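Take a look at the structure set out below.
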Amino acid sequence: MQPFCVSIRTLLLSVLLSRPGEGQFQVIGPREPVVAFVGEEVVVSCHLNPSIDAQNMEVRWYRNDPSGLVHYYGTSQDHMDQQMPEYQGRTKFLKENITKGLVALRIHHIRPSDEGEYVCFFESSTFYNKAQFKVLVTVSGTAPHIHIEPGNRMDMKMTCTSTGWYPEPEVQWRELQGPHLAPAFETKKIEENGLFHVESSITADKNSRADVSCVIRNLILSVEKEVHVSVADTLFPEDCPWAVGFAVFLSLLAFGATISVLFVCTRKAKGSLKKKHGKLRKEYELLREQKGNIEKKNGKLHEELGLKYARRYAENVTLDPDTANPYLQITDDNKSVKGGDTFQELPKRRQRFDNLVCVLGQQIFSKVPNISFVNGQELFELNYMM
Ligand SMILES: *[C@@H]1O[C@H](CO)[C@@H](O)[C@H](O)[C@H]1NC(C)=O
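Under mature numbering (1 follows the signal peptide of the UniProt record, and there is no 0), residues -23 to -1, 1 to 363 are what the sequence shown spells out, in order.
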């Protein structure tokens, strides 16, 4: 039993090791992904195991499918006619160690689109084998830049921007000795050159006086670029002294303007008041004059009215000269009377008015109206006596 077990073990070992037979080979490519930097060149190499001469083999380098030919070497020369247009003029087959079964391909001017799975394919007249490997394209962008602008009344907006990253970088806001801050807004867009432009913003309380950093990290290279900003008191002071100053300045300006306006107004008002006063005086004089005229007219009207009124009660009165006060002058027809200054020597009569300046009519009336009216400055009173 023992020798059988040993022979089984030997068989298993030989199967597991799978030593290639005559003319057979294994292609070994890069075990780890190859990191290629944008704009630079990369060399990817594949070798045969065992290290047999590959001079008379065909070596193809291609992307995911065999039609995506990156480079083709065969029968001791390069064949460029089937090469993918995007690799034209950018590849060089390195065959200095081809006799030892080791070849390499140099790709110049690496672009983001070069990233992906590659295959190196070896084919001899009797055998073929291939190896697959990965190319990672990367680049770190510009140092981030923080732009600070006042947000709403109580906060400020900080925007961190950076460009030229590949692949998509990680953006982080950090507070000094504090936790990560969640961005309020973040965009990562691919620009024309295939690289990422990142923009991330946070809003911070104006009074937080935070020391913050914007960190952009290339995850492939574990490289990060950071910009730190310290929001000092002078940037957003508590009460915004400039604003207060400006307000004070404005108030002063307004106050000054008010004073000047008042001064001008007062002067103007004084002038206009004087003018007005003069005007009013004139108007007053005019009104006084008019009042006088009206009063005169009124008097006349009153007089006329009185006369008119009196005439309604007109009677053909014949005065009794024997009753006339000696100061009254009675016309010869005894129809009218006139007041005089001169005392007339008249025959003494019992019925004559001595003290009162009156005269009686000869007739007697039943109605007793009492009429008085002003004629100029004189008062006439007619009394009809029963
Ligand atoms: C060829 O082999 C030599 C010696 O091992 C080495 O220095 C050189 O880099 C190799 N060339 C390529 C293209 O791999």
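No residue lacks a Cβ here, since even glycine has one placed at the ideal position from N, Cα and C. Quick caveat: nothing in here was measured; it's all calculated off a predicted structure.
Determine the direct distance from the alpha carbon of P27 to that of residue 365, and round the result to whole angstroms.
There is simply no residue 365 to check, as the chain begins at -23 and stops at 363 in what is shown.
Among V21, A301, V148, the one whose alpha carbon lies nearest that of R8:
Locating residue 8 in the sequence shown gives position 31, counting from the first residue. Closest in alpha carbon position to R8, among V21, A301, V148, is V21.
If you measure from the CB of A81, is any heavy atom of ligand 1 nearer than 6 Å?
The count along the sequence shown starts at 1 and reaches residue 81 at position 104. Yes.
Candidates F173, S177, P146, E169: which alpha carbon is nearest A161's?
For the purposes of this step, residue 161 is taken as the residue at position 184 of the sequence shown. For A161, the nearest C-alpha among the options comes from S177.
Please look up how many angstroms separate the CB atoms of S90 and E63, rounded, as I've assumed it's under 8 Å.
For the purposes of this step, residue 90 is identified with residue 113 of the sequence shown, where counting begins at 1. For the purposes of this step, residue 63 is identified with residue 86 of the sequence shown, where counting begins at 1. Contact flag correct, Cβ pair sits at about 7 Å.
For V189 versus E145, is the C-beta distance shorter than 7 Å?
Residue 189 sits at position 212 when you count from the first residue of the sequence shown. Residue 145 sits at position 168 when you count from the first residue of the sequence shown. No, these two residues do not count as a Cβ contact at 7 Å.
Nearest residue (CA-CA) to H174, options L79, R194, V208:
Position 197 of the sequence shown holds residue 174. When only C-alpha atoms are compared, the closest one is R194.
Give me the residue from C137, V47, I29 with the minimum Cα distance to N74.
Along the sequence shown, one-based indexing puts residue 74 at 97. If we check each option's Cα against that of N74, I29 comes out closest.
DSSP state of N106 mapped onto helix, strand, coil
The count along the sequence shown starts at 1 and reaches residue 106 at position 129. N106: strand per DSSP, three-state reduction.
Here's the rule I'm using: 16 or more other beta-carbon atoms within 10 Å means buried, otherwise exposed. How should A120 be labelled?
Locating residue 120 in the sequence shown gives position 143, where the first residue counts as 1. Burial call: exposed.
Answer yes or no: the CB of E18 versus the heavy atoms of ligand 1, is any distance below 6 Å?
Indexing the sequence shown from 1 puts residue 18 at position 41. No, the Cβ of E18 stays beyond 6 Å of every heavy atom of ligand 1.
Considering Cα atoms alone, identify which of M133, I87, S117 is closest to K202.
Position 225 of the sequence shown, counting from 1, holds the residue named residue 202. The option with the nearest alpha carbon to K202 is S117.
Judging by CA-CA distance, which residue of E35, Y95, Q267 is the nearest neighbour of G78?
In the sequence shown, residue 78 corresponds to position 101, counting from 1. It is E35.
Y95 classed as buried or exposed, judged by whether at least 16 other C-beta atoms fall within 10 angstroms
As a working mapping, residue 95 is identified with position 118 in the sequence shown. Burial of Y95 is indicated by the presence of at least 16 other C-beta atoms within 10 angstroms of its C-beta.
By how many angstroms is the C-alpha of E126 removed from the C-alpha of K134?
Start at 1 with the first residue of the sequence shown, and residue 134 comes out as number 157. Start at 1 with the first residue of the sequence shown, and residue 126 comes out as number 149. Taking the straight line from one Cα to the other gives about 5 Å.
Counting only the same chain and skipping the five closest in sequence on each side, list residues whose C-beta sits under 7 Å from that of Q328.
For the purposes of this step, residue 328 is taken as the residue at position 351 of the sequence shown. Once the five neighbours on either side are set aside, the close Cβ partners of Q328 are D299, T300.
Does ligand 3 have a heavy atom nearer than 6 Å to the CB of N332?
Judged by which ligands are present, ligand 3 is missing from the structure shown, whose ligands are ligand 1.
Contact set for G269: own chain, Cβ-Cβ below 8 Å, skip 5 residues either direction
Here the question's residue 269 lines up with position 292 in the sequence shown. Cβ within range, chain order: n/a, list empty.
What are the boundary residues of the beta strand (DSSP E) that F2 is part of?
In the sequence shown, residue 2 corresponds to position 25, counting from 1. It is not in any beta strand (DSSP E) - F2 carries neither H nor E in the DSSP assignment.
Beta strand (DSSP E) containing P127: first to last residue?
As a position in the sequence shown, residue 127 is number 150, starting the count at 1. For P127, the uninterrupted beta strand (DSSP E) run begins and ends at 122 to 127, by DSSP.
With DSSP collapsed to three states, give me the class of Y49.
Along the sequence shown, one-based indexing puts residue 49 at 72. It is a strand residue.
Once the 5 residues before and after P156 are set aside, which same chain residues still bring their CB inside 8 Å of it?
By one-based count along the sequence shown, residue 156 stands at place 179. Around P156: no qualifying Cβ.
Let me check you understand the geometry: is the CB of N74 closer than 6 Å to at least one non-hydrogen atom of ligand 1?
For the purposes of this step, residue 74 is taken as residue 97 along the sequence shown, with counting starting at 1. Flag set: Cβ of N74 near ligand 1.
Using the C-alpha atoms, what's the distance from G(-1) back to K165?
Start at 1 with the first residue of the sequence shown, and residue 165 comes out as number 188. Start at 1 with the first residue of the sequence shown, and residue -1 comes out as number 23. Straight-line Cα distance between these residues: approximately 52 Å.
For S199, count neighbouring Cβ atoms within 10 angstroms of its own Cβ and tell me buried if that reaches 16, exposed if not.
Stepping through the sequence shown from its first residue, residue 199 is reached at position 222. Residue burial is scored here from C-beta neighbours: S199 has fewer than 16 other C-beta atoms within 10 angstroms and is therefore classed as exposed.
Could you tell me the boundaries of the beta strand (DSSP E) in which S177 lies?
Against the sequence shown, residue 177 aligns to sequence position 200. 173 to 182 is the span of the beta strand (DSSP E), which, as asked, contains S177.
Close Cβ partners of Q109 (< 8 Å) along its chain, the five nearest in sequence each way excluded
Numbered from its first residue, the sequence shown carries residue 109 at position 132. Cβ contact annotation for Q109 (same chain, cutoff 8 Å, sequence separation greater than five): G6, E94, Y95, V96, in chain order.
Within 10 Å of its beta-carbon, does A159 have 16 or more other beta-carbons around it, so buried, or fewer, so exposed?
Walking along the sequence shown from the start, residue 159 turns up at place 182. Flag for A159 reads exposed.
Once the 5 residues before and after T140 are set aside, which same chain residues still bring their CB inside 8 Å of it?
As a first step, residue 140 must be located in the sequence shown, where it is residue number 163. Excluding positions up to five away in sequence, the list reads G118, T119, E168, L172, F173, H174, V175.
Drop a sphere of 10 angstroms on the beta-carbon of Y261, count the other beta-carbons inside from all chains shown, and report buried for 16 or more, exposed for fewer.
On the sequence shown, position 284 is the one that residue 261 refers to. When all chains shown are included, Y261 counts as exposed.
Q267 in three-state terms, based on DSSP:
For the purposes of this step, residue 267 is taken as residue 290 along the sequence shown, with counting starting at 1. Helix at Q267.
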